[in-house]
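Heads up, the sequence shown is in the numbering used here, so the first residue is 33 and it goes up one at a time. The beta-carbon is built from N, C-alpha and C at its ideal position, and this holds for glycine as well. Keep in mind that this is a model prediction, so the values were computed, not measured.
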Amino acid sequence: MKNNNVGDAQKWMLELGVRYAAVHLPASGQAVALECMGKTWKTQMVIHNGRRWFLNGGWAKFARDNGLRVGDICLFDLKKYPRELTMNVHIISREQLSLK
33 MKNNNVGDAQ
43 KWMLELGVRY
53 AAVHLPASGQ
63 AVALECMGKT
73 WKTQMVIHNG
83 RRWFLNGGWA
93 KFARDNGLRV
103 GDICLFDLKK
113 YPRELTMNVH
123 IISREQLSLK
């Protein structure tokens, strides 16, 4: 995570990888459910200029509720359900990274 995802900049949005998004995500904005440790957060995926995918509109609550900090890593496991785009999120804290 970077400052604009969870830190002092407080833009509270997450830009998704463009190569991955172009292949696996819809080309239009829509609701995205984030699942982590048995809980679910509703976010909104928006697309800027047809080539940059972002999560916002709920990303801030997800980040705060999970105590995300600069240096943490989130791994997103995409699940496609007929009614809702859902991602399982696995969080690796910066402390866990320094132990390895």
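- Here the C-alpha atom of R115 lies approximately 28 Å from the C-alpha atom of L100.
- Shown here for H56: same chain residues with a beta carbon closer than 7 Å to its own, the five before and five after excluded, namely L110 in chain order.
- If you draw a straight line from the Cα of L129 to the Cα of N98, it is about 17 Å long.
- For E67, the enclosing beta strand (DSSP E) has its first and last residue at Q62 to C68.
- Residue state for V55 is assigned as helix, using DSSP reduced to three classes.
- K71 has C68 as its beta-bridge partners, per DSSP.
- The Cβ atoms of G90 and T75 lie closer than 8 Å to each other.
- When DSSP states are grouped into helix, strand and coil, W85 belongs to the strand group.
- Between the alpha carbons of N120 and G61 lies a distance of about 19 Å.
- C-alpha of H80 to C-alpha of A59: approximately 10 Å in a straight line.
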